[in-house]
Amino acid sequence: MKTKASETERVSRKPEEETSIIRHKADGVKRRLFRRKFTDTLNALSSKKTVKYATYLAAVIVFFALILLPPIIGIVIKWSTTQQVLEQPALMGRALNAVANSFVVALLVSALDVLAGIPMAWLITRGKSKWLSVLDTLADLPFVVPTAALGYSLLLFWNGPQGISGLFGGSLISTGWLLVMLLHFTFSYPVVVRVLVGALLDYKMEYEQASRTLGAAPFIAFRTVTSPILKPSLIAAFILSFARSLSETGATFIVAGAFENGPVFIQNMKNEFSGSAPATYEGATVFASVILIIISCTIFALIRILGPRLKLPFKGIWPVAERKLSYSKAAFSRNSVTLIVFVAIVLIPALFVALPAFQAVFTGTLSAAFSGSGVWSDYWQSLLLSYGLGAIVTLLGFIIGLPMAILIARKKLGKSLSALLDILVNIPLIVPSIALGVSLKFFWKESFPFMPELLLLIFAHLAITYPYIVKSMSAAFERISIDMEEAARTLGAKPFSVFRTIIFPLSKYSILSGAIMVFTRSVSETGATVAVATSLRTAPVVIVDWVKGTVPATSLEIGLGCGLLVLLSFLILFLLRLVTRGKGKY
Amino acid sequence: MPDVRVVNLTKKFGEITALENVNLHIRDKEYFALLGPSGCGKTTLLRLIAGLIEPDSGEIYIGDKRVDDVPPEDRDIGFVFQTFALFPHMTVWENVLYGPKVKNFDLKEAETIGNEVLELVKLHERLDAFPNELSGGMMQRIAVARALAAGAKILLLDEPLGQLDAKVRNEIRYEMRKMAKDLNLTAIHVTHDQSEAMSISDRIAVMKKGKIVQVGTPQELYMHPGSLFVAHFIGESNFLEGSVADRSDEDLEIELRGGIKVHAIGEGVGKGERAVLAIRPEIFTVERGVHKSENALIGKIEKITFEGTLVRYVIRLESQDSVVVVKPSLAETWIAVGTKVTLSFASEKAHVFAYPEAGLMAETSV
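Respectively, the protein sequence lines represent chains A and B.
Quick note: the first sequence uses my numbering, first residue 1, plus one each step.
Quick note: the second sequence uses my numbering, first residue 587, plus one each step.
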């Protein structure tokens, strides 16, 4: 039937149509020919050693010139300003105290996150319920909520009268260290769970099964076999959580109250002194940044060196007691506690901002928002800036990060140099972003005083997100066996062809997920943004200003502002998930 | 006493039925092989017995105890994985002591057991080595030692020799049998290698597509295959198509292509039905020239392959069927290509099967 219909269609086609179709086809052929020529040129170029090495060299130079060296030089040239702090013992004490708080919070929160994340990841990967895929998605949700919105959401839930505090008449948890801890726990939780789920999925189940057949109850099997084998992933999860906690600025500033950690201190210095006593501001900032950077690099170095040697705390085995922890009752209560922690401490507080956002929708705040009046014109501009910036940074990061990722993944520079490069690339990840932003600004403002602020913003975000994109790409490339590449080469493919037809198709979904991470990170970032920009304000910065009352806004307006930001982020993530769903597994 | 019984066992993975209504009894102290092509369900059956996966329906008994609901750690089995699954973060000694420790044995006792089993596998001097420092053969023996140290009375071996080099494999397989016999263990050995199964097992269950097609001693399976599949999968067989011309009891007269009539034994195929005659390549007598005799097939040598111990002839019959014959390579003079020969065979050594509905190729494909 169908073929007949199409035949009659073909017969009834008018001659003009036919010519247009032919023209179309000719266009297509031309385009294809052009593309062919283009790839041929690239292929030819790619097999030239000089071109290949020039590309790699350019990637390394860009990394050093744009990402690694500017913040270091920036700090060095402003080093003398720290004299200001040394002369003011009170200020110095405050700075040291703040930095110490940063590390205490980060260490505690990361340890708690890993502890809470293990049973959750276990439940997601080993549970038998069909609802687990829903749980899996829910566990990802807080990751997409930009931290500034998350901070406000937690403030409402734990502290505001509409939240859980309402039940207790007054605020349950006042702003300060406890709320900061809760906040950091919440935003690191999805990252930790994601890493651990990935590790458990990759893990060879046979080890655990072997342990079971030898007589170990499930809990013993997990503790004595699975967790030591997964130790690198546990450490990786800890490090990610630790780094996030050290860097977070905007949301922490919202919930900190009088509590100060490193980033909040720097932010406060800016608010207190940047106008009245710029020298004090610079000195305090440089001082805090340097200490933050040094301690954080030391801690990461220590983890890297000691991590592999770290034996898990208990080597002994207590068969009788541990058996009791293994079976139905214990497993049930363990799962319940895990779920309660997730729902009550992570999920509901993170999404609580939906409540005022809904109220706003029904009270006319929404129409005010769409009319762009009052505070809203700033808001829309900032949204545009945030997403535009995110897109530019993701694209740029991909371009400059790609050759670097190949260099690292394929160890093109030899083993030790490639390993060194790998460590260097990771440095921006472990440096608190506000410190990174501050030092970047010093460098660029000193060397190019008339540099546009937008460019500075792009550089700052690029520096922060660079490790994420390079890491995700190099990890994806490493997973592709070099045999594939060699097979393609022996079949006659030029290097560029190999990349285009083998490497890229096999890794594009991992690259895409890396890009999503970069994008969300950039949209979320407040620390580096406030550090480098004074006139340009991204969406999270606007929200921080609203919440802190720098710009007067009603709670409904803040709620709606956060809600829209979250909604847009969800939409983007959802679209990307649609595109990538069920793919990328070979 | 640890015999193993499975009753009406069924296991599905989504849409795929991995095991369908399997019944099997493995006797105490028996060395038993589960043999079949990959995907036949043999590993699934082994994992069900171990408790690593749960059946959809059916019952599993170890000794007199029904164990369907017993977790693997309480079944008192030892499982040797194809990849060995030695814990990479523990030394040989820690690996071996793992079972006794988690089973809450007295530490002294555990160490005695550990020493004994390491003695048994002759790896006493590598106590402090980590698994990645050992050769495949050593890892295999440690994996067995580890299972034994945990006090297993039943050894479940999932392709335990699959990761080893051919030479090592042939040595170790006899060691495995000897060890199981010396220690009075019941062993269930999964393999797809029929020569491995034949050479070490007391009995073998041949599996195909989630079902057990025949259980028997190696000799029974080889000499009295119950189906075309077994005749094909165990050892080697020539298949000649024909139809049953006459039958009296087990003795059948088969008319092959080209009108040749021969005698063979078979069950379940009636007069006038299509049939397949299966003949092992080593049971033919080969004579130069054309001779008239019982069960004679006439053809021409088409190809000779020297295989070391054996020499293999491919003979094209007058009916255009081709037949493979093997002869000891040094005991007789070879017959040159192109020579006309007469093949004959004893009728009680050739088997007749009903022509399979799905066709000969489909039935014997693995």
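C-beta atoms are modelled at their ideal positions from N, C-alpha and C, and glycine is treated no differently.
Note that the structure is a prediction, hence the values are computed from the model and not measured.
{"query": "In chain order, what residues of the stretch 669-681 of chain B put their CB closer than 7 angstroms to some CB of chain A?", "result": "669, 671, 673, 674 and 675"}
{"query": "Beta-carbon of residue 56 (chain A) versus every beta-carbon of chain B: anything under 9 angstroms?", "result": "no"}
{"query": "How many whole angstroms separate the CB atoms of residue 855 (chain B) and residue 864 (chain B), which I take to be in contact at a CB cut-off of 8 angstroms?", "result": "About 12 angstroms separates the two Cβ atoms, so there is no contact after all."}
{"query": "Would you say residue 209 (chain A) faces chain B, with C-beta separation under 9 angstroms as the test?", "result": "yes"}
{"query": "Mind checking which residues open and close the beta strand (DSSP E) that includes residue 800 (chain B)?", "result": "797-802"}
{"query": "Mind reading off the beta-carbon distance from residue 144 (chain A) to residue 520 (chain A)? Whole number of angstroms is fine, and I expect it under 8 angstroms.", "result": "6 angstroms"}
{"query": "Whole angstroms is fine: what's the gap from residue 120 (chain A)'s alpha carbon to residue 603 (chain B)'s?", "result": "32 angstroms"}
{"query": "Output the distance between the C-alpha atoms of residue 228 (chain A) and residue 802 (chain B), rounded to the nearest integer angstrom.", "result": "45 angstroms"}
{"query": "Could you give the uninterrupted runs of the beta strand (DSSP E) lying entirely in the stretch 623-662 of chain B, keeping only those of 3 residues or more?", "result": "643-648"}
{"query": "Please work out which residues of its chain come closer than 7 angstroms, Cβ to Cβ, to residue 225 (chain A), disregarding the five sequence neighbours upstream and downstream, and give them in chain order.", "result": "207, 208 and 211"}
{"query": "Nearest CA to the CA of residue 444 (chain A): which residue from A:333, A:73 and A:565?", "result": "A:73"}
{"query": "Under 9 angstroms between the Cβ atoms of residue 976 (chain B) and residue 871 (chain B)?", "result": "Nothing about residue 976 (chain B) can be read from this structure; chain B reaches only from 587 to 952."}
{"query": "With DSSP as the reference, please indicate the residues paired to residue 902 (chain B) in a beta bridge.", "result": "B:886 and B:908"}
{"query": "Determine the contact status of residue 887 (chain B) and residue 925 (chain B), defining contact as a CB-CB distance below 9 angstroms.", "result": "yes"}
{"query": "Just checking: is the beta-carbon of residue 601 (chain B) within a distance shorter than 9 angstroms of some beta-carbon in chain A?", "result": "no"}
{"query": "Determine which residues of the stretch 726-749 of chain B have a Cβ less than 9 angstroms from any Cβ of chain A, and write them out in chain order.", "result": "729, 732, 733, 735, 736, 737, 738 and 742"}
{"query": "Quick one: is residue 934 (chain B) buried, meaning 16 or more other Cβ sit within 10 Å of its Cβ, or exposed?", "result": "exposed"}
{"query": "Does the separation of the CB atoms of residue 790 (chain B) and residue 804 (chain B) fall below 9 angstroms?", "result": "yes"}
{"query": "Verify the CB distance criterion: does residue 636 (chain B) have a CB-CB separation below 9 angstroms to chain A?", "result": "yes"}
{"query": "By the three-class DSSP mapping on this structure, what secondary structure does residue 916 (chain B) have?", "result": "coil"}
{"query": "Here's a check: name, in chain order, each residue in its chain whose Cβ is nearer than 8 angstroms to the Cβ of residue 897 (chain B), leaving out the five neighbours to either side.", "result": "890, 891, 912, 913, 914, 915 and 920"}
{"query": "Against residue 862 (chain B), what residues of chain A qualify as contacts under a CB-to-CB distance less than 7 angstroms, listed in chain order?", "result": "Under the 7 angstroms cutoff, chain A gives no residues; its nearest Cβ is about 42 angstroms from residue 862 (chain B)."}
{"query": "Residue 185 (chain A) and residue 290 (chain A) - do their beta-carbons sit closer together than 9 angstroms?", "result": "no"}
{"query": "Can you grab the Cα-Cα spacing for the pair residue 350 (chain A) / residue 508 (chain A), in whole Å?", "result": "31 angstroms"}
{"query": "Does the count of Cβ pairs from the stretch 350-360 of chain A and the stretch 146-157 of chain A closer than 8 angstroms reach three?", "result": "yes"}
{"query": "Is there at least one Cβ from chain A nearer than 9 angstroms to residue 628 (chain B)'s Cβ?", "result": "no"}
{"query": "Once the 5 residues before and after residue 877 (chain B) are set aside, which same chain residues still bring their CB inside 7 angstroms of it?", "result": "928"}
{"query": "Looking only at DSSP bridge pairs, what is residue 525 (chain A) linked to?", "result": "In DSSP, residue 525 (chain A) forms no bridge with anything."}
{"query": "Using the Cα positions of residue 566 (chain A) and residue 726 (chain B), report the straight-line distance between them to the nearest angstrom.", "result": "55 angstroms"}
{"query": "Can you list, in chain order, the residues of its chain with a C-beta nearer than 7 angstroms to that of residue 536 (chain A)? Leave out the 5 residues immediately preceding and following it.", "result": "385, 453, 454 and 457"}
{"query": "So, does the CB of residue 212 (chain A) fall closer than 9 angstroms to a CB anywhere in chain B?", "result": "yes"}
{"query": "Looking at the structure shown, is residue 24 (chain A) part of a helix, part of a strand, or coil, going by DSSP?", "result": "helix"}
{"query": "Report the residue from A:300, A:357 and A:288 whose alpha carbon sits nearest the alpha carbon of residue 94 (chain A).", "result": "A:288"}
{"query": "Would you verify that the beta carbon of residue 654 (chain B) is, or is not, closer than 9 angstroms to some beta carbon of chain C?", "result": "Of the protein chains in the structure, A and B, none is chain C."}
{"query": "Assign residue 322 (chain A) to one of two classes, buried (16 or more other C-beta atoms within 10 Å of its C-beta) or exposed (fewer than that).", "result": "buried"}
{"query": "If you drop the 5 nearest sequence neighbours on each side, which residues of the same chain put their C-beta closer than 7 angstroms to that of residue 690 (chain B)?", "result": "none"}
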